[in-house]
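Heads up: the sequence shown is residues 84 to 254, going by this note's numbering. Quick reminder that beta carbons are idealized off the backbone N, C-alpha and C, glycines included. In this text, all values refer to a predicted model and were calculated from it rather than measured experimentally. Accompanying notes for the structure given below.
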Amino acid sequence: MYMKDNYIFKYILLLPIFVFIQILVLNEVFLSLYIIPFLYVGLIINLPIKEPKWFSLLYAFIIGLLIDIFSSTIGFHSTACTLIAFIKPFICKITISQKIITETEEITLKKIGSRAFLMLSLILILIHHSCLFFIEHLSFNLNVLLKIIASSLSTYVVILISQLFFNSNNK
């Protein structure tokens, strides 16, 4: 009933790859003050629904902590990542039909369908970015709202592109 060991090893191997892409590429690409895509959120979204809770929370925290360390932020990313890992099972119950996927399968565009994946991803990305930017700015104004929306949309696009890339390789 729990996540198979091969998923654990897969996600442990993907972690440094996604962190390096985030730090060395996406954080360095200056699109605007408001657009910052966060590819690593996709790893948390893709985790199976029913993996051990400790693994999901620890994994999300470690991803966020690594991004915090390399971005010189103080717990912003680790807090936002841990939050979405914590609420993901509840959001999955709302967005994914229980008939589509077993609780031990990875959540991918190919497995759960575009509508469910798009809804789940968008909700989790918006929650992640809202938490991240509220903590970063400690206020709410039009600039923060624009940053949440623009960064969420760019993250959404980057995650969808990565889903299409990985799905085309898994035929």
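Span of the alpha helix (DSSP H) around residue i
| i | result |
| --- | --- |
| Pro172 | 159-178 |
| Glu219 | 197-220 |
| Val257 | What is shown of the chain runs 84 to 254, which leaves residue 257 out entirely. |
Reference residue i, options the options, closest by Cα
| i | options | result |
| --- | --- | --- |
| Ser139 | Gln181, Tyr117, Thr187, Leu201 | Thr187 |
| Ile132 | Ser115, Thr162, Ile174, Pro99 | Ile174 |
| Pro135 | Pro172, Ile206, Ser115, Leu116 | Pro172 |
| Thr162 | Tyr123, Ile218, Tyr117 | Ile218 |
| Pro99 | Phe248, Ile244, Leu148, Asn226 | Leu148 |
| Val324 | Asn224, Ser237, Ser245, Thr185 | The question about residue 324 has no answer, for the chain in this structure spans 84 to 254. |
| Leu116 | Ser234, Ala199, Tyr90 | Ser234 |
| Ser197 | Ser213, Trp137, Ile244 | Ile244 |
For residue i, the three-state DSSP class (helix, strand or coil)
| i | result |
| --- | --- |
| Met84 | The pLDDT assigned to Met84 is 39, lower than 50, so where the model puts this residue is not dependable, and the model offers no usable value. |
| Phe248 | helix |
| Ile152 | helix |
| Phe121 | coil |
| Leu109 | helix |
| Thr185 | coil |
| Lys230 | helix |
| Lys254 | With a pLDDT of only 45 at Lys254, under 50, the local geometry of the prediction cannot be trusted, and no value is derived from it. |
| Ile133 | Position check: residue 133 holds Lys in this sequence, whereas Ile was assumed. Residue state, collapsed to three classes: coil. |
| Leu114 | coil |
| Asn89 | helix |
| Phe103 | helix |
Integer-rounded CB distance, given that residue j should sit under 8 angstroms from residue i
| i | j | result |
| --- | --- | --- |
| Ile44 | Gln105 | Coverage of the chain is limited to positions 84 through 254, which leaves residue 44 absent and any answer about it impossible. |
| Ile128 | Leu215 | About 15 angstroms separates the two Cβ atoms, so there is no contact after all. |
| Ile210 | Ile242 | About 14 angstroms separates the two Cβ atoms, so there is no contact after all. |
Short Cβ contact (9 angstroms threshold) for residue i with residue j
| i | j | result |
| --- | --- | --- |
| Thr165 | Ala143 | yes |
| Leu97 | Leu141 | no |
| Ile119 | Leu109 | yes |
| Ile206 | Ile195 | no |
| Gln246 | Lys176 | no |
| Glu189 | Leu122 | no |
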